[in-house]
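Heads up, the thing below is written out as structure tokens.
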Amino acid sequence: MKVLRDLDVEDKIVLVRVDYNVPLELDDAGEWQVASDLRIRASLPTLRYLREHGAKKIILISHLGRPSVKEQALSLAPVAERLAWLLAEGGGATDEDSVVPPSVDFIDHLDVKGVKSAIDKLPKGGIILLENLRFDPREKANDIDFARELIDATGAEIFVQDGFAVTHRAHTSTDALAKLLPSAAGFLVEKEIEGLSQAIQDPEHPFVVIIGGAKVEDKQPLIDEFKSSADQILVGGKIAADGYKTDDPKIYVAEDFDEDADGNKLDIGPLATAKFLEVLSTAKTVLWNGVLGKTEDPAFATSSEMIAKYLGEHNGEIKTIICGGDTTGFVENLTEKYPDLGFSLISTGGGAALEFLLGNKMPGIEVLE
Numbered sequence: 199m200k201v202l203r204d205l206d207v208e209d210k211i212v213l214v215r216v217d218y219n220v221p222l223e224l225d226d227a228g229e230w231q232v233a234s235d236l237r238i239r240a241s242l243p244t245l246r247y248l249r250e251h252g253a254k255k256i257i258l259i260s261h262l263g264r265p266s267v268k269e270q271a272l273s274l275a276p277v278a279e280r281l282a283w284l285l286a287e288g289g290g291a292t293d294e295d296s297v298v299p300p301s302v303d304f305i306d307h308l309d310v311k312g313v314k315s316a317i318d319k320l321p322k323g324g325i326i327l328l329e330n331l332r333f334d335p336r337e338k339a340n341d342i343d344f345a346r347e348l349i350d351a352t353g354a355e356i357f358v359q360d361g362f363a364v365t366h367r368a369h370t371s372t373d374a375l376a377k378l379l380p381s382a383a384g385f386l387v388e389k390e391i392e393g394l395s396q397a398i399q400d401p402e403h404p405f406v407v408i409i410g411g412a413k414v415e416d417k418q419p420l421i422d423e424f425k426s427s428a429d430q431i432l433v434g435g436k437i438a439a440d441g442y443k444t445d446d447p448k449i450y451v452a453e454d455f456d457e458d459a460d461g462n463k464l465d466i467g468p469l470a471t472a473k474f475l476e477v478l479s480t481a482k483t484v485l486w487n488g489v490l491g492k493t494e495d496p497a498f499a500t501s502s503e504m505i506a507k508y509l510g511e512h513n514g515e516i517k518t519i520i521c522g523g524d525t526t527g528f529v530e531n532l533t534e535k536y537p538d539l540g541f542s543l544i545s546t547g548g549g550a551a552l553e554f555l556l557g558n559k560m561p562g563i564e565v566l567e
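Going by my numbering, the letters in the sequence shown line up with residues 199 to 567, in that order.
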């Protein structure tokens, strides 16, 4: 698979598929704002590299949500504002004083003529974000003509895939575009593949897999996948509370739970948490998918927080890979509370990470090979 370092981007117009499918919330003034910028920050190394290596113009494309028509609540406009702020906060694209931190232009439509006109005015090294790709139904249809329109409108000469979370989909921006332009994986996609591949192919032992969450039908394939390679599998979350059973001595299922006033089991209890920590104390590699309790309620986030803090405080000793939307969101919020915590990989992949771990088809990666 080609990676960004394999391409000569100097004086080229580069089209980058990022994953800015981030949560939005209304502020006090009734304006939409980015609630979590994990995925935006994850794209910064690729954007900074492109500017440092002389890319002429950088065109960003993404989707947000699942619109069937154009919806103002799913516009990427707030994302452009946050991206500009992050680039400026980080000192711009390079340490060289001669390079000014870039602004981020935003185009609130996908009209070919309008896009072409805006990009023509973009200065060297400029960054522009196009409106939500899924406002056009051809995006999900993997429409080759839509891909050609995007290339014609932007003048793109190179395509970079840096939205790992969508690489398990065969859409225009993950498949068709890569077939029409010289293409490579960006740094985020490269990092995700390397981190997840190590967990599959060559984990340092003892290798521990933590499984939580609510749906056993989603988690059982993951448990089955790692039965042979993991030294221990720890099961918590709602699937444990609902009575998940196994006779495999390699699999420990939480045995006690913290309950609410109505007797609902909403977190694993102190005995199970202690067992988890005991097993983790000897681990060298940990793959964690699925929170262990109802973490949106602080009263039932205790075990997840204790596990995350332990792993984050032993980052130099334990290679920890966090994946799954709820788990990565929880850990990311925790790092804001405890900024000294460190993890080998907090995956942005969501469903894509699970598909990759299970060895399923990944059209957005395969097209780069």
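The beta-carbon is built from N, C-alpha and C at its ideal position, and this holds for glycine as well.
- Query: Buried or exposed: which applies to A227, given that a residue is buried once 16 or more other Cβ atoms fall within 10 Å of its Cβ?
  - Reply: exposed
inquiry  = Give me, in chain order, the residues of the same chain whose beta-carbon lies closer than 8 Å to that of E534; leave out the 5 immediate sequence neighbours on both sides.
reply    = none
ask   = What do you reckon, are the CB atoms on I356 and P380 nearer than 8 Å?
value = yes
task = Determine the contact status of F498 and D440, defining contact as a CB-CB distance below 8 Å.
result = no
**Q.** DSSP state of N531 mapped onto helix, strand, coil
**A.** helix
field: Y247 - DSSP class collapsed to helix/strand/coil
entry: helix
Where Y450 sits in the DSSP three-state scheme
strand
| Along the chain, where does the beta strand (DSSP E) that runs through L572 open and close? | The displayed coordinates of the chain run from 199 to 567. Any statement about residue 572 would go beyond what the structure contains.
field: Coarse secondary structure for T372, derived from DSSP in three states
entry: T372 falls in the helix class under three-state DSSP.
> Using the C-alpha atoms, what's the distance from L464 back to D206?
Replying inline: One C-alpha to the other measures close to 52 Å.
Original post:
So, are the CB atoms of N330 and S371 less than 8 Å apart?
Top reply: no
What does the alpha-carbon distance come out to for the pair I544 and G527?
9 Å
- Alpha carbon to alpha carbon, how far is D209 from I256? 10 Å
key: T480 versus A452: straight-line alpha-carbon distance, rounded   = Distance from the CA of T480 to the CA of A452, rounded to the nearest whole angstrom, comes to 19 Å.
inquiry  = Considering Cα atoms alone, identify which of P321, A351 and L202 is closest to V313.
reply    = A351
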